[in-house]
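**Q** Per the working numbering, the sequence shown starts with residue 250, numbered consecutively. Every residue gets a Cβ at the ideal spot worked out from N, C-alpha and C, and that includes glycine. If you scroll down you'll find the structure; I have some questions about it.
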Amino acid sequence: MEPKTSFSLVILVILSISMAKFSIPAKADHNEHKETKISVYFHDYASSDLFVFDDLIIEGPDPKSASVGRGQGITVTACLDGLNVYVSLLIVFTNEAYNGSTIQIQGNNNQLKVIREYGVVSGTGKFWYAKGYATFENYFFDPSTSYSIIRCNISIRH
Ligand SMILES: *[C@@H]1O[C@H](CO)[C@@H](O)[C@H](O)[C@H]1NC(C)=O
Ligand SMILES: *[C@@H]1O[C@H](CO)[C@@H](O)[C@H](O)[C@H]1NC(C)=O
């Protein structure tokens with residue numbers, strides 16, 4: 250009987266140690282999460298290099314509205330019919346509220362959809378541990394110059 254009892258005791262001790270180790274940080278994390286919603290406008294001059302972009306991001310649809318930061322990244326065709334593009338995009342904020350912080354957006358979506366939705370996979374600065382989603386929709390498009398204004402709504406928990 251004796252060896253069996255001490256074996257169960259060891260299991261019990263290991264279990265309580267691992268529970269103690271994981272339950273405390275998980276609780277602290279939960280309390281710190283907050284939700285932020287951001288709506289901004291990308292000024293996109295479809296560049297000659299189709300796979301790289303570096304757009305000015307502003308507060309409102311009016312080209313004269315205040316700048317918020319830059320959207321820098323790559324787009325790559327990611328299916329055989331050419332409709333889906335894989336996007337990896339970093340938003341680098343330069344406005345007063347989030348200066349220096351970034352949000353990383355990634356995903357694969359049909360480029361002809363009216364609303365394209367991608368995942369927010371990470372962030373830095375004020376957006377540590379960011380997770381969420383971002384939608385992109387054309388707000389204005391000039392086919393003669395390929396200039397467009399794209400509204401980007403971001404919803405994140407961080
Ligand atoms: C953002 O940070 C940079 C570098 O620290 C600084 O030069 C700039 O003035 C800041 N911009 C705003 C809007 O606070
Ligand atoms: C983006 O946000 C604006 C302003 O809140 C809203 O009017 C618009 O419907 C949103 N777009 C999407 C695709 O959710």
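Throw me the rounded Cβ distance for the I352 and I307 pair, which I believe falls under 8 angstroms.
**A** On the sequence shown, position 103 is the one that residue 352 refers to. On the sequence shown, position 58 is the one that residue 307 refers to. No, I352 and I307 are not in contact; Cβ-Cβ is about 16 angstroms, not under 8 angstroms.
**Q** Does K375 come out as helix, strand or coil in the three-state DSSP assignment?
**A** The sequence position of residue 375 within the sequence shown is 126, counting from 1. Correct three-state label for K375: helix.
**Q** Report, in whole angstroms, the separation of the C-beta atoms of F385 and I398, which I expect to be a contact under 8 angstroms.
**A** Residue numbering aside, residue 385 sits at position 136 when the sequence shown is read from its first letter. Residue numbering aside, residue 398 sits at position 149 when the sequence shown is read from its first letter. Contact flag wrong, Cβ pair sits at about 11 angstroms.
**Q** For the beta strand (DSSP E) containing D303, list its first residue and its last residue.
**A** Along the sequence shown, read from residue 1 onward, the residue named residue 303 stands at position 54. V301 to I307 is the span of the beta strand (DSSP E), which, as asked, contains D303.
**Q** If you run the structure through DSSP and keep just helix, strand and coil, what is E281?
**A** In the sequence shown, counting from the first residue as 1, residue 281 sits at position 32. Three-state DSSP puts E281 in a helix.
**Q** Please return the same chain residues whose Cβ sits closer than 6 angstroms to the Cβ of Y396, not counting the five positions on each side in sequence.
**A** As a first step, residue 396 must be located in the sequence shown, where it is residue number 147. Only Y294 meet the Cβ criterion.
**Q** Is the distance from the Cβ of G318 to the Cβ of V334 below 7 angstroms?
**A** For this step, residue 318 is matched to residue 69 along the sequence shown. For this step, residue 334 is matched to residue 85 along the sequence shown. Taking 7 angstroms as the Cβ cut-off, G318 and V334 do not qualify as a contacting pair.
**Q** I need the DSSP call for S288, collapsed to helix, strand or coil.
**A** Position 39 of the sequence shown, counting from 1, holds the residue named residue 288. Looking at S288 - three-state DSSP - the assignment turns out to be strand.
**Q** By a C-beta neighbour count over all protein chains shown, 10 Å radius and 16 as the cutoff for buried, is Y290 buried or exposed?
**A** Position 41 of the sequence shown, counted from the start, is the residue given in the question as residue 290. So Y290 counts as buried.
**Q** Nearest-angstrom Cα distance between K375 and R365?
**A** The count along the sequence shown starts at 1 and reaches residue 375 at position 126. The count along the sequence shown starts at 1 and reaches residue 365 at position 116. Taking the straight line from one Cα to the other gives about 25 angstroms.
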